[in-house]
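In the order they appear, the protein sequences are chains D and X.
Take the first sequence: its letter number 272 is residue 272 in the numbering used here, and every next letter is one higher.
Take the second sequence: its letter number 119 is residue 1119 in the numbering used here, and every next letter is one higher.
We treat Cβ as the ideally placed atom computed from N, Cα and C, and that holds for glycine.
A short write-up of the structure that comes next.
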Amino acid sequence: MFRRSGSGYTAVPRWLYVFAAVGALFVILPLLGMVAKVNWSEFIPLITSEASLAALGLSLRTSAASTALCIILGVPLALVLARGNFRGQRLLRAFVLLPLVLPPVVGGIALLYTFGRQGLLGSSLEMAGIQIAFSTVAVVLAQTFVALPFLVVSLEGALRTAGGRYEAVAATLGARPTTVLRRVTLPMVLPGLASGAVLSFARSLGEFGATLTFAGSLQGVTRTLPLEIYLQRETDADAAVALSLVLVAVAVIVVALSYRSPRLPHLARATR
Amino acid sequence: MSLQVEASLEARNFNIALDMAPGETLAVLGPNGAGKSTLLSVIAGLLKPDAGSATLNGRTLFDFSSTPDRWLAPHARGTALLAQDPLLFPHLNALENVAFGPRSTGVSKAESRSIARHWLAATDTELLADRRPGELSGGQAQRVAVARALAAGPDLLLLDEPMAALDIHAAPLMRRLLKHVLADRNAIIVTHDVLDALMLADSVIVMEDGQVSEAGATREVLNRPRSGFAAGLAGLNLLTGTARAEGVETRYGLITGTAEEQLPPGGPAAAAFRPAAVSVYLDPPHDGSPRNMLRAAITDLEPHGDAIRVRAGELAADITPAALADLGLVPGTEAYFVLKATAVTLYGT
Chain D
1 MFRRSGSGYT
11 AVPRWLYVFA
21 AVGALFVILP
31 LLGMVAKVNW
41 SEFIPLITSE
51 ASLAALGLSL
61 RTSAASTALC
71 IILGVPLALV
81 LARGNFRGQR
91 LLRAFVLLPL
101 VLPPVVGGIA
111 LLYTFGRQGL
121 LGSSLEMAGI
131 QIAFSTVAVV
141 LAQTFVALPF
151 LVVSLEGALR
161 TAGGRYEAVA
171 ATLGARPTTV
181 LRRVTLPMVL
191 PGLASGAVLS
201 FARSLGEFGA
211 TLTFAGSLQG
221 VTRTLPLEIY
231 LQRETDADAA
241 VALSLVLVAV
251 AVIVVALSYR
261 SPRLPHLARA
271 TR
Chain X
1001 MSLQVEASLE
1011 ARNFNIALDM
1021 APGETLAVLG
1031 PNGAGKSTLL
1041 SVIAGLLKPD
1051 AGSATLNGRT
1061 LFDFSSTPDR
1071 WLAPHARGTA
1081 LLAQDPLLFP
1091 HLNALENVAF
1101 GPRSTGVSKA
1111 ESRSIARHWL
1121 AATDTELLAD
1131 RRPGELSGGQ
1141 AQRVAVARAL
1151 AAGPDLLLLD
1161 EPMAALDIHA
1171 APLMRRLLKH
1181 VLADRNAIIV
1191 THDVLDALML
1201 ADSVIVMEDG
1211 QVSEAGATRE
1221 VLNRPRSGFA
1231 AGLAGLNLLT
1241 GTARAEGVET
1251 RYGLITGTAE
1261 EQLPPGGPAA
1271 AAFRPAAVSV
1281 YLDPPHDGSP
1291 RNMLRAAITD
1301 LEPHGDAIRV
1311 RAGELAADIT
1321 PAALADLGLV
1331 PGTEAYFVLK
1341 ATAVTLYGT
């Protein structure tokens, strides 16, 4: 009853579909509940208010910046973790992945006591005339902190799947390590890098706890969309719901973009 | 000597020394896990041995006896590797794959492409230049991979079972191509197939348990195998033992035959003969001609071409299905393996 004609055998018991349906509803129902609450007549004015537009613009800008930072920091990390062979590799991986399981607010506190005015690096930076905490830069750092593991995990998986054999062949053909990286490794894991970047962007867009702790909530400077939503919820529920819908829409667009990018057929061949 | 290698790698129980003459093609034969691929990886610089040294055309590839150690990176060795899988870069078309080697060593884009076109033509794949690897058959992809390896202009070509993944139609074509391109070229080809060794190689080494168990000119090794493995490849029975005045004393008894040279009594010697020259009897036959008669218990029966191969430990005999039916042989049967002395070659090992 659930099978299309011409499809092969799958070992999924039918009763499992019931639980799967419950799982799907668990995700979809709350979204419907929120959409049902949207005040459609006021929707456009609500999301185009000065505060809303400022928050949305800041969110998009900072998320783009943190995604770029994730790529710059995450690609070398993933390469070293996937291809390197050194003492403490497992420990390094554990630490890099820590923000995945760490409560964001804890991450924010950690960042504050590193880059904040009295922090580990902050006091030196202060003397150099650089203040990071409670600035837009702090927002980007907070988002990068929580989003980096998504890129590293995704890219490391792609690198391990692609394997090192193509790189070895490239080396025997006379390609230096940097040439191998540029012409073989990165092109082959581009789909993995793209999906990692999309995940990082989505995670950055939704970042709340670390941002609030480390960057505060200053309109136009550090108040991203999730912070704006939280703030509005206290005073104007309609605005909060409308902005939430905007965030959902952006997330849906991002996910759709990443899933639309065709998975290159060679990845299946490479894993054989 | 164009290539000299001495290397050991304790973790893999690998310890090998070999010399290659300029223009020579060397076949490496041996059972799975004998260290054949390890040898190629060590020469290509993909695997670091514990000790040893290697030179290729006077250049030092590695040397662990000098201080500090010398280790040339894989890209600087000029040892292109062709594996069982073509491993063409999936994001590049055939032409760009072949152009990869020259391009990586600083040759201009246009020049690299013209080199690539030359080698695609040489491997009969010029019509596939614009195809992605995913659009090539296994045989086509492997031919392009040969072109890619040659386009890099290697001093030494390393081939790791290049025919193993090809189907029975593509393999002969590839063998012919390799015969053409390997002539006067330094190459090491790892293979399971004695035909590859005969057609492509000037000399062979047989590797067993990480060591060279036999080395020499291809014909020599296959005609007069000294290891059980080489004998199996050549389709010969090989019984080793001690030379006596009348023949060779083996674990199956004394075997007489034709010695190619005088065997010093007491020295190590071997007797080689074809399974087809062996007859099997349940009772000892009684007639006059000088024969060897070896008694052994049958261990296996298996089809072998039109015949049935009867195995008894190290012994093998090929008999007809009708003879098998007459004799009613089953594993465990004690039988007499009989062969004429004229069918046996004896030599010192």
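Item, Value
"Residues, ordered as in the chain, of the stretch 181-214 of chain D that lie near chain X by beta-carbon distance below 9 Å", "R183, V184, P187, M188 and L190"
"Nearest-angstrom Cα separation, counted from D/N85 out to D/R93", "12 Å"
"Distance, X/A1234 Cα to D/E193 Cα", "Before going on, a small fix: residue 193 of chain D reads as Leu here, not Glu. In a straight line, the C-alpha of D/L193 is about 52 Å away from that of X/A1234."
"Among X/N1292, X/D1318 and X/R1185, nearest to X/P1303 - alpha-carbon criterion", "X/D1318"
"Nearest-angstrom Cα separation, counted from X/E1111 out to X/E1135", "26 Å"
"Other residues of its chain near X/R1012: CB distance less than 7 Å, five sequence neighbours each side excluded", "G1035, T1038 and G1210"
"D/W15, buried or exposed, once every other Cβ within 10 Å from all chains shown has been counted against 16", "exposed"
"Closest Cα partner of X/H1118 within the set X/A1272, X/R1148 and X/Y1281", "X/R1148"
"Coarse secondary structure for X/M1174, derived from DSSP in three states", "helix"
"Neighbour flag for X/R1175 against chain D, beta carbons, 8 Å", "no"
"Residue-chain proximity (D/A175, chain X), Cβ-Cβ < 8 Å", "yes"
"Touching by the beta-carbon criterion (3+ pairs, under 8 Å), the stretch 1138-1154 of chain X and the stretch 1071-1080 of chain X", "yes"
"Under 8 Å between C-beta atoms of D/A215 and D/A138", "yes"
"Proximity of X/I1188 and X/L1159 at Cβ, strictly below 8 Å", "yes"
"Closest by C-alpha distance to X/E1006, when choosing among X/L1198, X/G1247, X/A1054 and X/A1129", "X/A1054"
"According to DSSP, residues forming a beta bridge with D/V137", "In the DSSP output, where bridge partners are listed per residue, D/V137 has none listed."
"Opposing strand residues paired with X/Q1004 [DSSP bridges]", "X/D1019 and X/T1055"
"Interface flag, X/R1148 vs chain D, CB-CB below 8 Å", "yes"
"Distance between beta carbons of X/N1186 and X/L1003, contact taken as under 8 Å", "7 Å"
"Alpha-carbon spacing of D/G33 relative to X/P1086, whole angstroms", "55 Å"
"Rounded C-alpha distance that separates X/S1137 from X/A1165", "11 Å"
"CB contact below 8 Å: D/T178 versus chain X", "no"
"Exposure label - D/G284; buried when at least 16 CB within 10 Å", "Lying before the first or after the last residue shown, residue 284 of chain D is absent from chain D, which here runs from 1 to 272."
"Inter-residue Cα distance where the pair is X/L1195 and X/Q1142", "19 Å"
"Proximal chain X residues relative to D/V169, where beta-carbon distance stays under 8 Å", "L1081, A1083 and L1087"
"Within chain X, the residues that D/Y17 reaches when beta carbons sit closer than 9 Å", "Under the 9 Å cutoff, chain X gives no residues; its nearest Cβ is about 35 Å from D/Y17."
"Environment of X/L1041 [buried if 16+ CB atoms lie within 10 Å]", "Leu is not the amino acid found at residue 1041 of chain X; the sequence shown has Ser there. Flag for X/S1041 reads buried."
"Residue interval of the alpha helix (DSSP H) (run including D/G206)", "L190 to G206"
"Neighbourhood of X/L1047 by C-beta distance below 6 Å, restricted to the same chain and skipping five residues each side", "S1041"
"Within chain X, partners of D/T172 - CB distance below 7 Å", "A1044, P1074, T1079, A1080 and L1081"
"Interface residues of the stretch 1140-1167 of chain X facing chain D [CB-CB below 9 Å]", "A1145, R1148, A1149, A1151, A1152, G1153, P1154 and L1158"
"Cβ-based contacts, 9 Å cut-off: residues of the stretch 1112-1144 of chain X near chain D", "R1132, P1133 and G1134"
"Nearest-angstrom Cα separation, counted from D/L159 out to D/L186", "9 Å"
"Interface residues of chain X facing D/R165 [CB-CB closer than 9 Å]", "A1083, D1085 and L1087"
"Contact set for D/S7: own chain, Cβ-Cβ below 6 Å, skip 5 residues either direction", "none"
"X/A1017 versus X/R1059 - alpha carbon distance", "17 Å"
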